[in-house]
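Just so you know, the sequence shown maps onto residues 1 to 511 in UniProt numbering.
Don't be surprised by glycine CBs; every beta carbon is placed ideally from N, CA and C.
All figures in this text were calculated on a predicted structure; none of them were measured in a lab.
Everything on this sheet refers to the single structure shown next.
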Amino acid sequence: MPRVRKRVTDRGVPLYVLERASNKIRDESRAVRAVAKEFAICHTTLYRFHKKRTRLQAEGHDNLPRVGYWSSRRVFTDEQEKNVVRYLKKAADLYFGLCPKQVRTFAYQLATHYGCKFPEQWEEKGMAGEDWFSGFMKRNTCLSIRRPQATSLSRTSSFNQVNVGKFFDNLSKVLEKHNFPPQNIWNVDETGITADQTPDKVVARGGEKQVGALTSAEQGTLVTMAFAGNVIGNTIPPMFIFPHVNFESHFIRDGPTGCIGTANHTGWMHEADFLVYLKHFQLHTHSSPENKVLLILDNHPSHLSVESVNFCRSSGIVLLSLPPHCSHKLQPLARTVYGPFKKAVNTACDSWMRSHPGMTMTIYDIPSIVKDSLLLSATPSNVQEGFRCTGIWPFKRDIFQDREFSPSLVTDRPLAPTSGSPSAAPAASSGPATASPAPATSTSPTPASPERESEEEEVCIVESFSRPREVWLQCWNCKSWVSISSSCSLLWSCNSLTCSCDLHVSYTSLT
Numbered sequence: 001m002p003r004v005r006k007r008v009t010d011r012g013v014p015l016y017v018l019e020r021a022s023n024k025i026r027d028e029s030r031a032v033r034a035v036a037k038e039f040a041i042c043h044t045t046l047y048r049f050h051k052k053r054t055r056l057q058a059e060g061h062d063n064l065p066r067v068g069y070w071s072s073r074r075v076f077t078d079e080q081e082k083n084v085v086r087y088l089k090k091a092a093d094l095y096f097g098l099c100p101k102q103v104r105t106f107a108y109q110l111a112t113h114y115g116c117k118f119p120e121q122w123e124e125k126g127m128a129g130e131d132w133f134s135g136f137m138k139r140n141t142c143l144s145i146r147r148p149q150a151t152s153l154s155r156t157s158s159f160n161q162v163n164v165g166k167f168f169d170n171l172s173k174v175l176e177k178h179n180f181p182p183q184n185i186w187n188v189d190e191t192g193i194t195a196d197q198t199p200d201k202v203v204a205r206g207g208e209k210q211v212g213a214l215t216s217a218e219q220g221t222l223v224t225m226a227f228a229g230n231v232i233g234n235t236i237p238p239m240f241i242f243p244h245v246n247f248e249s250h251f252i253r254d255g256p257t258g259c260i261g262t263a264n265h266t267g268w269m270h271e272a273d274f275l276v277y278l279k280h281f282q283l284h285t286h287s288s289p290e291n292k293v294l295l296i297l298d299n300h301p302s303h304l305s306v307e308s309v310n311f312c313r314s315s316g317i318v319l320l321s322l323p324p325h326c327s328h329k330l331q332p333l334a335r336t337v338y339g340p341f342k343k344a345v346n347t348a349c350d351s352w353m354r355s356h357p358g359m360t361m362t363i364y365d366i367p368s369i370v371k372d373s374l375l376l377s378a379t380p381s382n383v384q385e386g387f388r389c390t391g392i393w394p395f396k397r398d399i400f401q402d403r404e405f406s407p408s409l410v411t412d413r414p415l416a417p418t419s420g421s422p423s424a425a426p427a428a429s430s431g432p433a434t435a436s437p438a439p440a441t442s443t444s445p446t447p448a449s450p451e452r453e454s455e456e457e458e459v460c461i462v463e464s465f466s467r468p469r470e471v472w473l474q475c476w477n478c479k480s481w482v483s484i485s486s487s488c489s490l491l492w493s494c495n496s497l498t499c500s501c502d503l504h505v506s507y508t509s510l511t
């Protein structure tokens, strides 16, 4: 029997027509034959439907009688199948979705539990058949098969209503205090680029199971690019960080107009490199204490240097950090720009390999590749959509639905204490911005409190305490301790709107 049954007649009466006719018989006390003639349907069909409906309503059921074709070998009832659909939706929301084979196994187990009659092949294979799964998906068009995006456990557990709520609290207070115009709200993010691209799909010989495409190397060297855009869609020329001891100007000779570059031994963003980018950012935004701008960025240790904080204070740059491991939902550029950008980079690398046969792409060719790719991906509409879909601008606190926080329910854990100084020292922190008790020592430096700039603003002084592979920060006002992964000891002061140094907000508003 084919999976798709072709109807041989269209004589069936729709259910909504029978329901309307039955309502007329009930509400207007009309004869069945008269109503059937009015709706051009068989009076016997209407009589049977109305009789079954009356009986179901008398028994307290709200559902309508079944009409039309009904499979005699169907395994699950409508209600049981709805339960399966609800379960599959919930599992996918929790990032524990079932693949088709697992759904077939689950259907067999459920049918055994309910005592349903099913084909013998289900018992032999321990799962439902492919025909059943195909029909199940066609009956429930609200389901679809999708390739999931890999998401780390840190991201699923950190993106919860508490962290997101604190971020929007800080964003609301900063916007109310400084009243930034849209063109002064910026987002900066880094992304890695390599010369070993993922080839695009190609047209090849029919029947071939494996088709090759040239790449420069099996594993390329990473070059980091820092890029910024604002609410109205304007962008700033990027900065490249090369894995080199010294930076040479010819590294970016063919790069985007106005771009800059630095170099270090890893090719990642370091504290000194971020200070260079802040100066580049200030040059293009013309920020000043009289013309302040808001810069939304990751909560990363490379952004926590004394020099960078002091430069932001003197240049009118207000820093707002995102919660840790939440950039996949709250980072505007990551949401709408970097996806098309990486695809454009792959396509440009394929074109470069075809134009330069026998040659290997190096890291010095990446700026020229990025130049063309940014024009296609970092469009004003894409940048603007990034701020809109994250709820940053226009400001929308409830931009995320409750089901988007469902993955964090799997790893729910109690919040760590944010005040006080317990005597026991916790285990070494594995990531930035983790609220923890104070370290078990009383020899931490206690420098004198600097003078307040204004009695109206609450100044949050942050003290640092360094240990091997961990750094502790304490607020002098609220006495909260925060542990971050770093190798240096920091000391700075910040004009914080609220004295809250828990979790990711230890340097939320720096002016």
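(request) Pick out the complete alpha helix (DSSP H) segments inside the stretch 312-344, 4 residues or longer, and give them in chain order. (result) 327-330, 332-336
(message) Do residue 247 and residue 272 count as a contact pair if the criterion is CB distance below 7 Å?
(response) For the purposes of this step, residue 272 is identified with residue 272 of the sequence shown, where counting begins at 1. For the purposes of this step, residue 247 is identified with residue 247 of the sequence shown, where counting begins at 1. No. Outside cutoff.
(message) According to DSSP, is residue 176 part of a helix, a strand, or is it coil?
(response) To locate residue 176, count along the sequence shown from 1; it is residue 176. Residue 176 falls in the helix class under three-state DSSP.
(message) Rounded to the nearest angstrom, what separates residue 362 and residue 338 at their Cα positions?
(response) As a working mapping, residue 362 is identified with position 362 in the sequence shown. As a working mapping, residue 338 is identified with position 338 in the sequence shown. When rounded, the distance between both Cα atoms is 21 Å.
(request) Apply the 10 Å Cβ neighbour rule to residue 256 and answer buried if 16 or more other Cβ atoms are within range, or exposed otherwise. (result) On the sequence shown, residue 256 is found 256 positions in, with the first residue counted as 1. Per the 10 Å Cβ criterion, buried.
(message) Between the alpha carbons of residue 97 and residue 285, how many angstroms are there, rounded?
(response) In the sequence shown, the residue the question calls residue 97 occupies position 97. In the sequence shown, the residue the question calls residue 285 occupies position 285. Approximately 45 Å between the Cα atoms of the pair.
(request) Within the stretch 99-151, note down every full alpha helix (DSSP H) run reaching 4 residues or more, in order along the chain. (result) The stretch 99-151 contains these whole alpha helix (DSSP H) runs: 100-114, 120-125, 130-139.
(request) Please name the residue in 304, 276, 317 whose C-alpha comes closest to that of residue 294. (result) Taking the first residue of the sequence shown as position 1, residue 294 is located at position 294. It is 317.
(request) For residue 108, count neighbouring C-beta atoms within 10 Å of its own C-beta (all shown protein chains included) and say buried if the count is 16 or more, exposed if not. (result) The residue you call residue 108 lines up with position 108 of the sequence shown. In the assembly as shown, residue 108 is a buried residue. Its beta-carbon has 16 or more other beta-carbons within 10 Å.
(message) Let me make sure I understand the geometry here. Which of 94, 281, 51 has the alpha-carbon closest to that of residue 519?
(response) Outside the shown range of the chain, which is 1 to 511, sits residue 519, and nothing can be said about it.
(message) Considering Cα atoms alone, identify which of 234, 22, 323, 327 is closest to residue 151.
(response) For the purposes of this step, residue 151 is identified with residue 151 of the sequence shown, where counting begins at 1. Closest by alpha carbon: 327.
(message) What would DSSP say about residue 257, mapped onto helix, strand or coil?
(response) In the sequence shown, residue 257 corresponds to position 257, counting from 1. Looking at residue 257 - three-state DSSP - the assignment turns out to be coil, as it is neither helix nor strand.
(request) Kindly indicate which three-state DSSP category residue 298 falls into: helix, strand or coil? (result) To locate residue 298, count along the sequence shown from 1; it is residue 298. Residue state, collapsed to three classes: coil.
(message) In this structure, how does DSSP classify residue 14 when only helix, strand and coil are distinguished?
(response) Along the sequence shown, read from residue 1 onward, the residue named residue 14 stands at position 14. Looking at residue 14 - three-state DSSP - the assignment turns out to be coil, as it is neither helix nor strand.
(request) My understanding is that residue 85 touches residue 111, with C-beta atoms under 8 Å, so please give their C-beta distance in whole angstroms. (result) The residue labelled residue 85 in the question sits at position 85 within the sequence shown. The residue labelled residue 111 in the question sits at position 111 within the sequence shown. In fact, because the Cβ distance is near 15 Å, the residues do not count as touching under 8 Å.
(request) Compare the C-alpha of residue 45 against each of 54, 123, 329, 12 and name the closest. (result) Here the question's residue 45 lines up with position 45 in the sequence shown. With distances taken between Cα atoms, residue 45 lies closest to 12.
(request) Could you tell me if residue 354 is buried or exposed, where buried requires 16 or more neighbouring beta carbons within 10 angstroms of its beta carbon? (result) Residue mapping note: residue 354 aligns to position 354 of the sequence shown, counting from 1. Taking all protein chains shown into account, residue 354 has fewer than 16 neighbouring C-beta atoms within 10 Å of its C-beta and is therefore exposed.
(request) Would you decide whether residue 296 is buried or exposed? Buried here means 16 or more other CB atoms lie within 10 Å of its CB. (result) In the sequence shown, counting from the first residue as 1, residue 296 sits at position 296. The residue is buried, with at least 16 neighbouring Cβ atoms inside 10 Å.
(message) My output table needs one value for residue 285: the three-state DSSP class, helix, strand or coil.
(response) As a working note, residue 285 is residue 285 in the sequence shown. Here residue 285 sits in helix by DSSP.
(message) Rounding to the nearest angstrom, what Cα-Cα distance links residue 379 and residue 372 in this structure?
(response) The sequence position of residue 379 within the sequence shown is 379, counting from 1. The sequence position of residue 372 within the sequence shown is 372, counting from 1. If I take the Cα positions, the gap works out to 12 Å.
(request) Kindly list the residues whose CB is nearer than 7 Å to the CB of residue 191, restricted to its own chain and excluding five residues on each side of it in sequence; keep chain order. (result) Residue mapping note: residue 191 aligns to position 191 of the sequence shown, counting from 1. 225, 338, listed in sequence order.
(message) For a test of your reading of the model: does the CB of residue 344 fall under 6 Å from any non-hydrogen atom of the ligand MG? Yes or no.
(response) No copy of the ligand MG appears in this structure; indeed no ligand is present at all.
(request) Use the C-beta contact count for residue 212: other C-beta atoms within 10 angstroms, 16 or more gives buried, fewer gives exposed. (result) As a working mapping, residue 212 is identified with position 212 in the sequence shown. So residue 212 ends up on the exposed side.
(request) Classify residue 309 as buried or exposed, calling it buried when 16 or more other Cβ atoms lie within 10 Å of its own Cβ. (result) What you label residue 309 is simply residue 309 of the sequence shown in a count that begins at 1. Residue 309 comes out buried.
(request) Can you say whether residue 446 is buried or exposed, counting buried as having 16 or more other CB atoms within 10 angstroms of its CB? (result) In the sequence shown, counting from the first residue as 1, residue 446 sits at position 446. With a pLDDT of 38 at residue 446, under the threshold of 50, the modelled position of that residue is not reliable, and the figure given next carries that caveat. Residue 446 should be labelled exposed.
(message) Is it the case that the stretch 129-143 contacts the stretch 167-174, given that we only count it when at least three CB pairs across the two stretches are under 8 Å?
(response) Verdict: no, contact absent.
(request) Please check the pair residue 254 and residue 350, which I expect to be a contact at CB under 8 Å, by giving their CB distance rounded to whole angstroms. (result) For the purposes of this step, residue 254 is taken as the residue at position 254 of the sequence shown. For the purposes of this step, residue 350 is taken as the residue at position 350 of the sequence shown. With a Cβ gap of about 18 Å, residue 254 and residue 350 do not count as contacting.
(request) Grab me the residues of residue 451's own chain with a C-beta within less than 6 Å of its C-beta, minus the 5 sequence neighbours each way, in chain order. (result) On the sequence shown, residue 451 is found 451 positions in, with the first residue counted as 1. Caution applies to residue 451, whose pLDDT of 42 falls short of 50 and renders its modelled position unreliable; the value that the coordinates give is listed next. For residue 451, there are no CB contacts under 6 Å within the same chain when 5 residues up- and downstream are skipped.
(request) To the nearest angstrom, report how far apart residue 116 and residue 36 are at their CA atoms. (result) Translated into the one-based positions of the sequence shown, residue 116 becomes position 116. Translated into the one-based positions of the sequence shown, residue 36 becomes position 36. Straight-line Cα distance between these residues: approximately 38 Å.
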